[in-house]
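*Asks:* Under the numbering used here, the residues of the sequence shown are numbered 250 to 386, in order.
Beta carbons are placed, not taken as given, at the ideal position from N, Cα and C, and that holds for glycine.
Everything numeric in this text was worked out from a predicted model, so none of it was measured.
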Amino acid sequence: MRYVIATLAVVGIIVSSLALHVHYSQDVELCDINAHWDCGIVNHSRYAEIAHIPVAVIGIAGYAVLALLAMLRRNRLLAILSILGLAFSLYLTDIEAKVLQIWCLYCVISQALVLVIALLSSFVAVRQGTRASSTRA
């Protein structure tokens, strides 16, 4: 399972890197699909940075940490941090839906990735905790 989670995290790094490219680009992007799907508008909005750090950079770092934790089998910490990442992703999704009213394809893919990572890592952490408690009994 750790390889699956680490692979999903690497895909997350790639998707976040694509979003970072959009953040710094002024070109028309492939993800500029229509009036409701435009990564450029989302990645150039005031919500695309936190303390002058692009959200995509936070995503790249976060996915790298998740991949490392998966490979090191730090399952509880992986589950906790992936759930925090999911909460942050849901916050950003809420901004896209209610404030910007425009969706970023890369952001939606990233949200799906972090959701799957959070579910898988939580399952692994619970399973590991159940095994540990049954061996103590």
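What separation, rounded to the nearest whole angstrom, lies between the Cα atoms of Ala227 and Leu318?
*Replies:* What is shown of the chain runs 250 to 386, which leaves residue 227 out entirely.
*Asks:* What separation, rounded to the nearest whole angstrom, lies between the Cα atoms of Val271 and Ala300?
*Replies:* In the sequence shown, counting from the first residue as 1, residue 271 sits at position 22. In the sequence shown, counting from the first residue as 1, residue 300 sits at position 51. Each residue's alpha carbon lies about 19 Å from the other.
*Asks:* Thinking C-alpha only, which one of Leu267, Leu269 and Leu369 is nearest Arg322?
*Replies:* Your numbering for residue 322 matches position 73 in the sequence shown. With distances taken between Cα atoms, Arg322 lies closest to Leu369.
*Asks:* Mind reading off the beta-carbon distance from Ile351 to Ile290? Whole number of angstroms is fine, and I expect it under 8 Å.
*Replies:* For the purposes of this step, residue 351 is identified with residue 102 of the sequence shown, where counting begins at 1. For the purposes of this step, residue 290 is identified with residue 41 of the sequence shown, where counting begins at 1. With a Cβ gap of about 5 Å, Ile351 and Ile290 count as contacting.
*Asks:* Determine the extent of the alpha helix (DSSP H) in which Cys288 is found, giving its start and end residues.
*Replies:* Within the sequence shown, numbered from 1, the residue matching residue 288 stands at position 39. Run containing Cys288: Cys288 to Asn292, per the alpha helix (DSSP H) assignment.
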